[in-house]
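Numbering (our numbering), first residue to last: 27 to 337.
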């Protein structure tokens, strides 16, 4: 999902007063987070959970950005509390994704019927557990540190405490996040999907940071953010296929399944994952289209494959 504030909507003073933008951004994101938290409690659904996860990631990215110029315990406490609430949904989200994949595969692989029934039971069980846990999870441990950070930002706005070097510090934090993505990108091995997953995790952090800083970054617009979203999704599809394969293997070990049926299922899942990896590898160097200017200059797209770069 793309940030709702377009670069053209940001006042010209943003570049000279980024602390004002960050203060407003944190205020708006905190309001959105609270609304989505309340919506999840009021009406727990796949859609409401997805939106809450998105807003959680956005708020996390902003706390990460602020840490570059406002290091302190409050930001660490806020990040810890936000991540803890995100983890509540992890297994349920994975199960939803696996059910969707199995529903697509089952017409060609009727042997997956028993696995689908198992996933459905797991989804019901996890949903009850998550709803119960979420109902007993409050916002105090998030609200207190976020409130402290907002108070400090408000003081900076009122007393013009923003230093010229702080803008550069934000840009350096953004560049450092990309450097981490680039490091993991060069370590990608198509035979090891875990290396793509590690790249995806670093890219996700970079992408959300880019969204958070969009109005004060050179050359970043909504079209680029959309392309970054699509790029991340291609890596995400590979990870989802890997998790599905692992979940199925666990199921097969517990159930009595004909060897021929199990082999057919494994072969098809592996074929589909290999196709996703091949598609990603063919477009992997699009990463450098999203690079900060300094990285773009030192990493031109030469037409080499990712395997060649890694080697």
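Idealized CB from N, CA, C, for every residue including glycine.
Positions of the alpha helix (DSSP H) runs, each at least 4 residues long and wholly inside the segment 34-84, are given as 44-68 in order along the chain. The C-beta separation of residue 267 from residue 231 comes to about 22 Å, leaving the pair out of contact by the 8 Å criterion. The C-alpha of residue 305 is placed about 36 Å away from the C-alpha of residue 195.
Where residue 305 is concerned, the enclosing alpha helix (DSSP H) starts and stops at 285-309.
Straight across, the Cα-Cα distance linking residue 89 with residue 101 is about 6 Å.
Of the other Cβ atoms in all chains shown, fewer than 16 fall within 10 Å of the Cβ of residue 184; this residue is therefore exposed. The alpha carbon of residue 148 has as its nearest neighbour, out of 273, 121, 246, 252, the alpha carbon of 121. Separation of the CB atoms of residue 137 and residue 287 is rounded to 4 Å, and the pair is thereby assigned contact status at 8 Å.
Counted as a single uninterrupted DSSP element, the alpha helix (DSSP H) harbouring residue 122 occupies residues 116-131.
Cβ contact annotation for residue 62 (same chain, cutoff 6 Å, sequence separation greater than five): 77, 78, 81, in chain order. With a 10 Å radius around the Cβ and a threshold of 16 neighbouring Cβ atoms, residue 71 comes out exposed.
The DSSP-derived three-state label of residue 134 is coil.
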